[in-house]
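In what follows, a single structure is set out as structure tokens and then discussed.
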Ligand code: DAO
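Numbering (the working numbering), first residue to last: -13 to 163.
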């Protein structure tokens, strides 16, 4: 499954969203065109009594070219026939923040340490992803455990994004908000 076709990208089998709940720190990111979240990014997923998943997230952003702030973002998720694939609707606490609809796929996770998120925004004519983004999440703000790094590298290769990530730093910029 390494033909880089979006439709063939392997996702987490038997994804259990209740185990996925809680806080995840972004430790690396592949940016989309017109990137929004820069660093100090974390997302907290919540599953309600009815099984519906929502999230709130924060991250440092720069708006209007030079105004730096912490964006507080919200997201709701619609289930699909594949338990690891969701349709995400997101918006900001303030109207001038980004909003939209994205795919939200969980490629792999052990629930307790690492997770690989993937979202293709635009599929090319040949079926590969023309514009998308991906977060490498860790339960630990300090990064991935050494034993998880090889797994994550292998998965990056599988989703055709090896070498496309940058490190996401956590400096405490968003901790007071
Ligand atoms: O940073 O360029 C970007 C794209 C991010 C879209 C905003 C997402 C807000 C909700 C995040 C939930 C977890 C992925």
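Idealized CB from N, CA, C, for every residue including glycine.
Nothing here was measured: the structure is a model prediction, and the numbers come from that model.
With a threshold of 16 other CB atoms inside 10 Å of the CB of residue 15, please say whether the residue is buried or exposed. Per the 10 Å Cβ criterion, buried.
State the Cα-Cα distance for the pair residue 39 and residue 53, rounded to the nearest angstrom. Distance between the alpha carbons of residue 39 and residue 53 is about 31 Å.
Could you say which of 2, 11, 103, 25 lies nearest to residue 155 if we only look at CA atoms? By alpha-carbon distance to residue 155, the top candidate from 2, 11, 103, 25 is 25.
Take residue -9 and list the residues in its own chain whose beta-carbon comes closer than 7 Å to its own, dropping the five residues that flank it on each side. When the five nearest sequence neighbours on each side are left out, the beta carbons in the same chain lying within less than 7 Å of the beta carbon of residue -9 are those of 113, 114, in order along the chain.
Three-state secondary structure (DSSP) of residue 133: Correct three-state label for residue 133: helix.
Residue range of the beta strand (DSSP E) that residue 46 falls in? If you look at residue 46, you'll find it in the beta strand (DSSP E) that goes 39 to 49.
What is the DSSP secondary structure of residue 6, reduced to helix, strand or coil? DSSP places residue 6 in helix when its eight states are reduced to three.
C-alpha gap between residue 118 and residue 108, whole angstroms: Distance between the alpha carbons of residue 118 and residue 108 is about 7 Å.
Residue 161 (DSSP reduced to helix, strand or coil): Residue 161: coil per DSSP, three-state reduction.
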